[in-house]
Amino acid sequence: MKLTVYFDGTFWCGLVEAQDQKESLVYKHTFGPEPKDQDIMIFIHQQLPKILASSQTVKAENNGIVERKINPKRRQRMINRAKRQPVVSTKSQLALQEVHQLNKKAKQKRQKQDKADVAEAKFQQKQLKKQQKKKGH
Numbered sequence: 001m002k003l004t005v006y007f008d009g010t011f012w013c014g015l016v017e018a019q020d021q022k023e024s025l026v027y028k029h030t031f032g033p034e035p036k037d038q039d040i041m042i043f044i045h046q047q048l049p050k051i052l053a054s055s056q057t058v059k060a061e062n063n064g065i066v067e068r069k070i071n072p073k074r075r076q077r078m079i080n081r082a083k084r085q086p087v088v089s090t091k092s093q094l095a096l097q098e099v100h101q102l103n104k105k106a107k108q109k110r111q112k113q114d115k116a117d118v119a120e121a122k123f124q125q126k127q128l129k130k131q132q133k134k135k136g137h
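Residue numbering for the sequence shown follows full-length UniProt numbering, starting at 1 and increasing by one per position.
Encoded structure:
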């Protein structure tokens, strides 16, 4: 069983993923404001067992993966690595992220062009001043 707590842009949510040999369960719980450790523990010990008992499960596909005991240090490294990974988001969030990236690229391009224009204008101003000095004005 795995519980992932993440911020979805508006609220803090918890994603519970439980899987055994034959069945799989995924449940999303919205905490609201940022939950404290105590709130998460209350959810795990009081609400989660009720949810697991009353929710429907989906048949799991066994892709030949066999669960075996994992060394505690390795498990801790895997947990830390998983914490650093971004949480899987919905299609709309991915679309918004893509639009944001496109806007960011456009802004960078525009700023680079503006900087080049300013540098060109400065260069032309220096050239004009240089020519006027040469003429004796």
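Here a beta-carbon is modelled for each residue, glycine too, at the ideal position from N, C-alpha and C.
Bear in mind the structure is a predicted one, so any value in this text is a computation, not a measurement.
- request: Output yes or no for whether 8 Å exceeds the beta carbon distance between A18 and L52.
  value: By one-based count along the sequence shown, residue 18 stands at place 18. By one-based count along the sequence shown, residue 52 stands at place 52. A contact, by the Cβ cut-off of 8 Å.
message: DSSP has K32 in a bridge; who is on the other side?
response: Taking the first residue of the sequence shown as position 1, residue 32 is located at position 32. According to the sequence displayed, residue 32 carries Gly and not Lys. G32 is bridged to W12.
- request: Count the other C-beta atoms from every protein chain shown that fall within 10 angstroms of the C-beta of G32, then say buried if there are 16 or more, exposed otherwise.
  value: What you label residue 32 is simply residue 32 of the sequence shown in a count that begins at 1. Classification of G32: exposed, given that the 10 Å Cβ count is below 16.
- request: With DSSP collapsed to three states, give me the class of K133.
  value: Within the sequence shown, residue 133 is the residue found at index 133, counting from 1. In the structure shown, K133 sits in a helix (DSSP, three-state: H, G or I).
task: Using three-state DSSP, classify K107 as helix, strand or coil.
output: By 1-based counting over the sequence shown, the position of residue 107 is 107. If DSSP states are grouped into helix, strand and coil, K107 belongs with the helices.
- request: Check the C-beta distance from L15 over to K28 and give it rounded, since I have them as a contact under 8 Å.
  value: Counting from one through the sequence shown, the residue named residue 15 turns up at place 15. Counting from one through the sequence shown, the residue named residue 28 turns up at place 28. That belief holds up - the Cβ atoms of L15 and K28 are roughly 6 Å apart, short of 8 Å.
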